[in-house]
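First residue of the sequence shown? That's 1 in the UniProt record's numbering, and the numbers climb one at a time after it.
Take a look at the structure set out below.
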Amino acid sequence: MGLLVEGRWQDQWYESSKDGAFQREQAQRRNWLTADGKPGPTGVGGFAAEAGRYHLYVSLACPWAHRTLILRKLKGLESLIDVSVVSWLMLENGWTFDKHLGSTGDKLDHFNFMHQRYTADTANYTGRVTVPVLWDKQTNRIVNNESAEIIRMFNSAFDELTGNDLDFYPAPLRTEIDALNERIYPAVNNGVYRAGFATSQQAYEEAFDELFGELDRLEQLLGANRYLTGEYLTEADIRLFTTMIRFDAVYFGHFKCNLRRIADYPNLSNWLREIYQWPGIAETVSFEHIKNHYYGSHKTINPTGIVPKGPAQDFTAAHDRARLSGKGVWRKAEF
Ligand SMILES: N[C@@H](CCC(=O)N[C@@H](CS)C(=O)NCC(=O)O)C(=O)O
């Protein structure tokens, strides 16, 4: 685990703040890929949607990268955007392309380390080397390394090329989706990390209480709603899914989020099984990468690197969600 300083790799664990709270660095590359190459909400323009031009770097262990893989799959982008998968083990060299440890290798340049991808973008890059990364082969630049934005681009930029009319961020539901994301990101998606990487009892307990407070609210919401916003499966569900699918196997033990398992929440666990069983989604889930990565890589919180064998889980078991009315994914009238 480390970071780049002026283009040089330094092995260094996360620095927490004075009060022991985990600080996540803001993603630094924020350009948008758009249908015609016009600039998006941030960054510069020039990144037009084209088949074969862009490459996605992911870890199958990482919940943020996982979102982008799901949108790539459900939006029919697999033949347009190829993927390189990093190794599950992230130690002194950060993310690597070690093929003996689950990586596909770097399909573009055969780099050994993900930090080489960042210095290929900017020779004197300073910052953490994170996944996902959306890379432009034409300009040799990182388009964007913020998953929340990459999934928005995937939701629409390629529609004319693919003819895919699924909409995970439909206009009439945006206010609700934004509000859910704003609650769920700090308390749940990042909340499990805030609990797991806290270096003071107080910071841990604050994260823990917020996390389970929010899970209780979501459990209640999913008692009335088939999906988070109601009848349609949206981006908000996908973003919650990638944290929930890792919860009982990793966050409960490794990150000490152990008030309750997701399996103990009837609505959340049935919702989780429904999403897991959604066509295409199970193929994006790798418990081999997930468990090996967290337990093997975080030596400060699991010094032996021993990976627990359990828990026994079956996400293919029947769910009860059909009792609530659902319409699947929203379809765009035109694009
Ligand atoms: N804001 C980023 C966060 C990505 C992120 O933190 N990824 C983790 C893996 S789960 C990572 O690459 N960490 C390496 C590091 O921080 O050194 C996003 O959502 O895309």
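Glycine included, C-beta positions come from ideal geometry on N, C-alpha and C.
{"Asked": "As assigned by DSSP and simplified to three states, the class of GLY52", "Found": "coil"}
{"Asked": "Beta-carbon proximity list for ALA51, same chain, < 7 Å, skipping 5 on both sides", "Found": "LEU80, LEU161"}
{"Asked": "Contact under 8 Å by Cβ, LEU134 with TYR14", "Found": "no"}
{"Asked": "Pair within 8 Å by beta-carbon distance, GLY37 and ALA123", "Found": "no"}
{"Asked": "Exposure label - GLU182; buried when at least 16 CB within 10 Å", "Found": "exposed"}
{"Asked": "Paired residues, beta bridge with ASP136 - DSSP", "Found": "TYR54, ARG141"}
{"Asked": "Beta-carbon contacts of TYR193 that lie in its chain and below 6 Å, excluding the five residues immediately before and after", "Found": "PHE22"}
{"Asked": "Cα-Cα separation, TYR294 to SER156", "Found": "32 Å"}
{"Asked": "Beta-carbon separation (whole angstroms), ASP82 vs LYS99, contact threshold 8 Å", "Found": "That belief does not hold up - the Cβ atoms of ASP82 and LYS99 are roughly 16 Å apart, past 8 Å."}
{"Asked": "Spatial distance of residue 336 from GLN28 (CA atoms)", "Found": "A query on residue 336 cannot be resolved here, the shown segment of the chain reaching from 1 to 335 and no further."}
{"Asked": "Minimum length 4: unbroken alpha helix (DSSP H) runs contained in the UniProt domain \"GST C-terminal\" (170-294)", "Found": "174-184, 191-196, 201-224, 235-246, 266-276"}
{"Asked": "Residue 389 beta carbon near ligand 1 (any heavy atom closer than 7 Å)", "Found": "Any answer about residue 389 is impossible in this case: the structure gives the chain only from 1 up to 335."}
{"Asked": "Pair within 8 Å by beta-carbon distance, GLY326 and ARG226", "Found": "yes"}
{"Asked": "Contacts around ASN267, its chain only, beta-carbon distance under 7 Å, and the 5 residues preceding and following it disregarded", "Found": "GLU219, LEU222, GLY223"}
{"Asked": "Spatial distance of GLY163 from LEU4 (CA atoms)", "Found": "40 Å"}
{"Asked": "Simplified DSSP state of PHE154, which is helix, strand or coil", "Found": "helix"}
{"Asked": "PRO172 to ARG72 span [Cα, whole Å]", "Found": "23 Å"}
{"Asked": "Touch test, the segment 210-219 against the segment 176-190, Cβ-Cβ under 8 Å, three pairs minimum", "Found": "yes"}
{"Asked": "Among ALA317, LEU180, TRP278, LEU101, nearest to LEU70 - alpha-carbon criterion", "Found": "First, the residue type needs correcting, since residue 70 is Ile and not Leu in the sequence shown. Considering only alpha carbons, the answer is TRP278."}
{"Asked": "Cutoff 7 Å; reference ARG67; Cβ partners in own chain excluding five residues on either side", "Found": "SER147, ILE151, ILE238, ARG239, THR242"}
{"Asked": "Strand pairing of residue 345, partner residues [DSSP]", "Found": "Any property of residue 345 remains undetermined from this structure, which presents the chain solely from 1 to 335."}
{"Asked": "Any 3 or more C-beta pairs closer than 8 Å across the segment 293-313 and the segment 135-142", "Found": "no"}
{"Asked": "Which of helix, strand or coil DSSP assigns to ARG29", "Found": "coil"}
{"Asked": "Assumed close pair THR104, VAL85 - CB separation to whole angstroms, cut-off 8 Å", "Found": "5 Å"}
{"Asked": "Whether TYR169 touches THR234 by CB criterion (8 Å)", "Found": "yes"}
{"Asked": "For review: beta carbons within less than 5 Å of any heavy atom in ligand 1", "Found": "ALA27, CYS62, TRP64, ARG128, THR130, VAL131, GLU146, SER147"}
{"Asked": "Residues bridged to ASP82 (per DSSP)", "Found": "HIS55"}
{"Asked": "Alpha-carbon spacing of GLY253 relative to SER200, whole angstroms", "Found": "18 Å"}
{"Asked": "Three-way DSSP call (helix, strand, coil) for SER325 in this model", "Found": "coil"}
{"Asked": "Per-residue DSSP class, three states only, for ARG72", "Found": "helix"}
{"Asked": "Buried or exposed by the 16-neighbour rule on C-beta atoms within 10 Å, applied to HIS110", "Found": "exposed"}
{"Asked": "Proximity test, ARG53 beta-carbon vs ligand 2 heavy atom, cut-off 7 Å", "Found": "This structure does not include ligand 2; its bound ligands are ligand 1."}
{"Asked": "Proximity winner among LEU74, VAL250, ILE177, relative to ILE306 (alpha-carbon distances)", "Found": "VAL250"}
{"Asked": "Extent of the continuous beta strand (DSSP E) to which GLN313 belongs", "Found": "First-last for GLN313: undefined, no H or E at that position."}
{"Asked": "Residues bridged to LEU4 [DSSP beta-bridge criterion]", "Found": "TRP9, GLY127"}
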